[in-house]
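One structure is given below, encoded as structure tokens.
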């Protein structure tokens, strides 16, 4: 009801300003809410906006009346009054009561947003530079989710597709009609997990876990973005959530469990150099290339080159150490927590044998495992 | 004494160096005021060029001109330079020129320290600009410098930290000087409650500066030791907390917001009565409202942090406290409108900027109220809605008040009148382009566009293009302002001691331009 009123009001207010440019892209209001909390936020915003517009019209109605009538050019003589205690008390007290009227519904929503008790399921979300990881704590599956838009689209060498910058390789999948608790943290710097249609925005803070929740009503695909500046690719770590009917969700979950079991590898197996390089290239391009670049040249001054670098061509132990344990005070974090033994072994092998680097070293997953404490 | 006076009157300041050394060694409040305002103007254009580069990149989706890390450096330095290089020094420039003349004092209390607090600024600015050319480039963590991102960055961050230290030292010295001048050097008979409102707002602002600049210095010092000396204030792995940085930063940052607007309130409170030809309505409630805003500013800082995951009690406390600020701010707006009510108004350029200020600052106040509501803020935090909000209060607020003040006192300072027609052009161009640039950003934020991103999804394209056009127009319009000021100084028409019919106050009893040393004998205020 209020939604309709404000939509019409906004349309009236602004259509005159931007007449002739009325396309669907000119969105004037919050995204359509899809959870109970998002509905409450939407209505709160509507209420407060209407109150503000009303006060605005009264105050500036008075001011513009004075500007047109009480001007020297129409011969208006200045009065000399300069205070009136009664009116000053009135315009201090009335706003106070208006504020109390706004605070009451806002307080109810704050308490509802904070109520993460009795969830149907719990998902742990970890922010990395610049991707998200989702761990389904009860079901034991987990995966990374990162931008699917290509560099060619970003740099204008290919046409941009419909969900440019708001598409990922693997979305978070959740069931509809279930209360889902999120445990949110980060691995390197502060990120913020935000899906506007859910009314959820929670900072992901390194070393601390914060919780929030949502319960989505309709199946569909919902899109959001990282909302806290987190370095170079802050604008390129979108969030996509796919809500499925519970029965479809169960099918998806079973598939995931199966796929995860199939990719388990024996860490004691010995791989050939070519096998390691082939897998390492994939890991490099998804995990390392954002900083060190696909061509291994890095970004001078900011991210060091690996092509021809001392570490990638020096002793294996130093190379393993920096990748697994990171370099404090820089964007190079400890990747031993993010990558598996085989991924670490293959990516380091790749780095030592790609571009101009030709060490011929093949690092086996068992070597990585031995270094883990 | 008499002999010295005569020398001043005739030979001006024959004992002073001339040329560049006059400006380097000056201890005169008028010279230093001019230096501050000129510095602020230069920084305003440097920060403005950064803003227009940012808007050029955001003109269309995709990356056309900038790498993402350079984009982040530009947004960071645009913020730091506009806050610490343009707005704050401009207001200190006004304080230098106006406070002694408005309280009937011959100069600032500590004339040599005044010179030192100005001459620190160019060095701090140089550090900020040089930081673009060190390996890794300038700081790219946003003007808020949040840890741990700011711990990751290269040496550009260290230069920024030193610059902030120097700027803070300069501000503290300036504030001590202003407080001492106001409390000790008022003309006989000028009680505190007879001071012009501009002086009152600066007195309160100066106390805010002394209270919070050391807090900022502490925050960036902790950052420096975390970066280089093995401390873990903001590193959870070492027992620290990244959110601690935000608490300390915003304990400085929120009062800082009022540091940048209270002197503007003061300027508007001088301009409106002059052109309404009517005394300011509710003088004492204006003073109390300013003081209330300043006190409340210390207990609202965490409203910048509603998404960090505070307990419900914390969110509610900071929401209620923030909403309370609407009451004294409302009182101020009502008082200005009542001053205009039944006046005999004329609309010279200073008055236009003052009315533009009230109109647009109030809109920024309303969006501030929307953002105070915790659940709504959680939806809008770190979006373009916030960018629109703070540009309404800082550009249409602080900057418009600075423009208004310059047009209002320029005839006094130079003894010459600016070109009224061009001044009106400057106002209307600024007013229109400002709204084209920033009004649409409210919609972008509501629709879900995060701030500080170099590229965006196609559904945000139309409003971004409009906003960029507005920003270019606004930036170019400011060249007109430079032309108007230069033209006024070079060839403006001579004015009398009181060029504005309705002006009140001691500064208008002095000739225009005022003598190099004014009020050597204190005037008597009845």
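Residue numbers (our numbering), protein chains in the order written: chain A, 47 to 419; chain B, 347 to 872.
Ideal placement from N, C-alpha and C gives every residue a C-beta, glycine not left out.
Output yes or no for whether 8 Å exceeds the beta carbon distance between residue i and residue j.
i, j, result
"residue 454 of chain B", "residue 527 of chain B", "yes"
"residue 76 of chain A", "residue 91 of chain A", "yes"
"residue 476 of chain B", "residue 541 of chain B", "no"
"residue 165 of chain A", "residue 223 of chain A", "no"
"residue 807 of chain B", "residue 414 of chain B", "no"
"residue 659 of chain B", "residue 646 of chain B", "no"
"residue 86 of chain A", "residue 158 of chain A", "yes"
"residue 362 of chain A", "residue 409 of chain A", "yes"
"residue 675 of chain B", "residue 711 of chain B", "yes"
"residue 544 of chain B", "residue 613 of chain B", "yes"
"residue 128 of chain A", "residue 687 of chain B", "no"
"residue 445 of chain B", "residue 548 of chain B", "yes"
"residue 178 of chain A", "residue 336 of chain A", "no"
"residue 743 of chain B", "residue 394 of chain B", "no"
"residue 814 of chain B", "residue 404 of chain B", "yes"
"residue 105 of chain A", "residue 708 of chain B", "yes"
"residue 311 of chain A", "residue 388 of chain A", "yes"
"residue 751 of chain B", "residue 440 of chain B", "yes"
"residue 345 of chain A", "residue 409 of chain B", "no"
"residue 509 of chain B", "residue 555 of chain B", "no"
"residue 859 of chain B", "residue 760 of chain B", "yes"
"residue 649 of chain B", "residue 665 of chain B", "yes"
"residue 226 of chain A", "residue 220 of chain A", "yes"
So if DSSP puts residue i in a beta bridge, which residue, or which two residues, is it bridged to?
i, result
"residue 214 of chain A", "A:193"
"residue 763 of chain B", "B:839"
"residue 169 of chain A", "A:182, A:228"
"residue 221 of chain A", "A:290"
"residue 238 of chain A", "A:249"
"residue 697 of chain B", "Its beta-bridge partners do not exist; DSSP assigns none."
"residue 752 of chain B", "Paired residue(s): none; residue 752 of chain B is not in a bridge."
"residue 188 of chain A", "A:181"
"residue 174 of chain A", "A:177"
"residue 729 of chain B", "B:796"
Going along the chain, which residues of its own chain have a beta-carbon closer than 7 Å to the beta-carbon of residue i, five neighbours each way excluded?
i, result
"residue 402 of chain A", "353, 354"
"residue 70 of chain A", "Reliability fails at residue 70 of chain A, whose pLDDT of 49 lies under 50, so the model's placement of it is uncertain and no value is given."
"residue 673 of chain B", "none"
"residue 677 of chain B", "631, 635"
"residue 370 of chain A", "380, 381, 382, 390, 417"
"residue 84 of chain A", "243, 244, 245"
Which residues in the same chain have their Cβ closer than 6 Å to the Cβ of residue i, if we skip the five residues on either side of it in sequence?
i, result
"residue 248 of chain A", "230, 239, 256, 258"
"residue 325 of chain A", "392"
"residue 286 of chain A", "214, 217, 269"
"residue 803 of chain B", "none"
"residue 141 of chain A", "none"
"residue 579 of chain B", "568, 572, 586"
"residue 401 of chain B", "814, 817"
"residue 58 of chain A", "Per-residue confidence for residue 58 of chain A stands at a pLDDT of 47, beneath the threshold of 50, marking its modelled position as unreliable; no derived number is given."
"residue 748 of chain B", "436"
Q. What alpha helix (DSSP H) runs, 4 residues minimum, are completely inside the segment 241-328 of chain A?
A. Secondary structure in the segment 241-328 of chain A: the alpha helix (DSSP H) runs of 4 residues or longer, each lying completely within the stretch, are 292-309 in chain order.
Q | Near-chain D residues of the segment 122-135 of chain A - C-beta to any C-beta below 7 Å | A | The chain labelled as chain D is not found among the protein chains of the depicted structure, namely A and B.
**Q.** Any 3 or more C-beta pairs closer than 8 Å across the segment 527-539 of chain B and the segment 432-451 of chain B
**A.** The answer is yes - the segment 432-451 of chain B touches the segment 527-539 of chain B, with three or more Cβ pairs under 8 Å.
**Q.** Validate contact between the segment 453-470 of chain B and the segment 563-571 of chain B using beta carbons, cut 8 Å, 3 pairs
**A.** No, the segment 453-470 of chain B does not touch the segment 563-571 of chain B.
**Q.** Entirely enclosed alpha helix (DSSP H) segments - the segment 319-395 of chain A, minimum 4 residues
**A.** DSSP runs (the alpha helix (DSSP H)) wholly in the segment 319-395 of chain A: 319-329, 335-338, 356-359, 362-371.
Q) Using 8 Å as the Cβ pair cut-off and three pairs as the minimum, do the segment 489-496 of chain B and the segment 270-280 of chain A touch? A) Result yes; three or more Cβ-Cβ pairs closer than 8 Å.
Q) Taking three-plus beta-carbon pairs below 8 Å as touching, is the segment 602-611 of chain B in contact with the segment 629-642 of chain B? A) The segment 602-611 of chain B, when compared against the segment 629-642 of chain B, does touch it at the 8 Å Cβ threshold.
Q: For the segment 458-514 of chain B, list the alpha helix (DSSP H) runs that are entirely contained and at least 4 residues long, ordered along the chain.
A: Complete alpha helix (DSSP H) runs here, min 4: 495-498.
**Q.** Minimum length 4: unbroken alpha helix (DSSP H) runs contained in the segment 67-131 of chain A
**A.** As far as the segment 67-131 of chain A is concerned, its whole alpha helix (DSSP H) runs of at least 4 residues are 82-115.
Q) Between the segment 433-443 of chain B and the segment 382-393 of chain B, are three or more C-beta pairs nearer than 8 Å? A) Yes, the segment 433-443 of chain B is in contact with the segment 382-393 of chain B.
(Q) Check whether the segment 478-493 of chain B and the segment 415-433 of chain B are in contact - that is, three or more C-beta pairs closer than 8 Å. (A) The segment 478-493 of chain B, when compared against the segment 415-433 of chain B, does touch it at the 8 Å Cβ threshold.
(Q) As an exercise, report each continuous alpha helix (DSSP H) stretch of at least 4 residues that is fully enclosed by the segment 664-724 of chain B, in chain order. (A) As far as the segment 664-724 of chain B is concerned, its whole alpha helix (DSSP H) runs of at least 4 residues are 672-686, 695-718.
Q: Mind the definition here: the segment 112-126 of chain A touches the segment 689-704 of chain B only if three or more C-beta pairs lie below 8 Å; say whether that holds.
A: Contact holds: three or more Cβ-Cβ distances are below 8 Å.
Q) Quick check: the segment 146-158 of chain A against the segment 128-138 of chain A, are there 3 or more CB pairs under 8 Å? A) The answer is no - the segment 128-138 of chain A does not touch the segment 146-158 of chain A, with fewer than three Cβ pairs under 8 Å.
Q: Go through the segment 559-630 of chain B residue by residue and report every complete run of the alpha helix (DSSP H) that reaches 4 residues or more, in order.
A: For the segment 559-630 of chain B, whole alpha helix (DSSP H) runs of length 4 or above, ordered along the chain, are 588-605, 608-622.
(Q) Going residue by residue through the segment 372-458 of chain B, where are the continuous alpha helix (DSSP H) segments of at least 4 residues, counting only ones entirely within it? (A) Counting whole runs of 4 or more residues, the segment 372-458 of chain B contains the alpha helix (DSSP H) stretches 375-403, 414-426, 434-449.
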